[in-house]
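Numbering (this note's numbering), first residue to last: 481 to 678.
Even for Gly, the Cβ is constructed at its ideal location relative to N, Cα and C.
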Amino acid sequence: MSNIVTIANTLLLAIAFQACDTPKLVINPAVPNPYEVKPENIDPPKATKILTGAEQTALYVPYLKGKRVGMVVNPTSIIGKETSVDSLLKLGVQIVKIFGPEHGFRGNASAGVSVSDDVDTKTGIKAISLYGKHAIPTKEDLADVDVMIFDIQDVGVRFYTYINTLQHVMEACAANNKEVLILDRPNPNGFYIDGPIL
């Protein structure tokens, strides 16, 4: 008797599953499929240019008019094919001092080597080293500066001395009532900003 019940239940289950089966989708080739994606219907993504803070001169150059500007820069500080210092000078910005981090403003010093103060040969502007006798701008360094611009691209692989330079500059400017303008640059390493430790 139990065998008959088992067979009957199995048969009923099979019929029930058959009744619940998904209906077959019949596609009529005469009717266009609105969800079909054909390569000729796909527009290639439009290339977008990432603008760095330095490149958006229309947003900050008017603010600098009539102000004495100090710039913390190195060879990564570029607008187009020129250094941001050279570009801003052409736009009439009054740059009174250049502050160089490790490797100096023009990048001529080796890693870890102390850099001395100098005068930039191309612009004739005094270049103060923040990787030499002192790492923090002094009150005297900032005396003739109204606003300090920080424009340095970091590598995004790991932290370098540049973030410490930014911290020192911000602290010194706060202590001496000087404004700081940071011209941001995207992290070239994507999402991992700090990277591995040294």
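Can you tell me whether DSSP reads residue i as helix, strand or coil?
{"i": "Asp-523", "result": "coil"}
{"i": "Lys-545", "result": "coil"}
{"i": "Ser-557", "result": "coil"}
{"i": "Ile-530", "result": "coil"}
{"i": "Ala-654", "result": "helix"}
{"i": "Ile-632", "result": "coil"}
{"i": "Glu-659", "result": "strand"}
{"i": "Lys-577", "result": "strand"}
{"i": "Ser-714", "result": "Given that the chain is displayed from residue 481 to residue 678, the structure contains no residue 714 and the question cannot be resolved."}
{"i": "Asp-598", "result": "strand"}
{"i": "Thr-563", "result": "strand"}
{"i": "Val-593", "result": "coil"}
{"i": "Asn-625", "result": "Reading off the sequence shown, one finds Val at residue 625, where the question assumed Asn. It is coil, neither helix nor strand."}
{"i": "Val-552", "result": "strand"}
{"i": "Thr-618", "result": "coil"}
{"i": "Tyr-642", "result": "helix"}
Among the candidates the options, whose CA atom is the shortest distance from the CA of residue i?
{"i": "Ile-629", "options": "Tyr-543, Val-635 and Tyr-640", "result": "Tyr-543"}
{"i": "Leu-663", "options": "Gly-546, Thr-486, Thr-603 and Ile-559", "result": "Ile-559"}
{"i": "His-648", "options": "Tyr-611, Ala-623 and Ala-527", "result": "Tyr-611"}
{"i": "Ser-557", "options": "Lys-547, Asn-644 and Leu-568", "result": "Leu-568"}
{"i": "Gly-550", "options": "Thr-537, Ala-527 and Val-576", "result": "Val-576"}
{"i": "Ile-605", "options": "Tyr-540, Lys-561 and Val-553", "result": "Val-553"}
{"i": "Ala-654", "options": "Ile-643, Asn-667 and Asp-626", "result": "Asp-626"}
{"i": "Val-448", "options": "Asn-667, Asn-657, Lys-613 and Ile-643", "result": "With the chain covering only 481 through 678, there is no way to say anything about residue 448."}
{"i": "Arg-548", "options": "Thr-486, Ile-530, Pro-555 and Gln-574", "result": "Gln-574"}
{"i": "Asp-624", "options": "Asn-644, Ile-643, Lys-561 and Gly-546", "result": "Gly-546"}
Within 10 Å of its beta-carbon, does residue i have 16 or more other beta-carbons around it, so buried, or fewer, so exposed?
{"i": "Ile-632", "result": "buried"}
{"i": "Asp-621", "result": "buried"}
{"i": "Ala-534", "result": "buried"}
{"i": "Thr-563", "result": "buried"}
{"i": "Ile-608", "result": "buried"}
{"i": "Ala-510", "result": "exposed"}
{"i": "Ala-652", "result": "buried"}
Residue i and residue j look like a contact to me (Cβ under 8 angstroms); what is the Cβ gap, rounded to whole Å?
{"i": "Thr-641", "j": "Glu-582", "result": "5 angstroms"}
{"i": "Ile-578", "j": "Asp-600", "result": "6 angstroms"}
{"i": "Thr-528", "j": "Val-565", "result": "Contact flag wrong, Cβ pair sits at about 27 angstroms."}
{"i": "Leu-661", "j": "Tyr-540", "result": "6 angstroms"}
Excluding the 5 residues flanking residue i on each side, which residues of the same chain have their C-beta closer than 8 angstroms to its C-beta?
{"i": "Thr-537", "result": "Ile-559, Ser-567, Leu-568 and Leu-571"}
{"i": "Val-595", "result": "Gly-580, Glu-582, His-583, Gly-584, Ala-589, Ser-609, Tyr-611 and Gly-612"}
{"i": "Arg-665", "result": "Thr-532, Gly-533, Ala-534, Thr-556, Asp-631, Ile-632, Gln-633 and Asp-634"}
Skipping 5 residues on each side, what residues in its chain have a beta carbon closer than 7 angstroms to that of residue i?
{"i": "Asn-656", "result": "Lys-619 and Leu-622"}
{"i": "Asp-598", "result": "Ala-607"}
Spatial neighbours of residue i within its chain, please: CB distance less than 6 angstroms, with the 5 preceding and 5 following residues excluded, ordered by chain position.
{"i": "Glu-659", "result": "Val-627"}
{"i": "Met-650", "result": "Val-660"}
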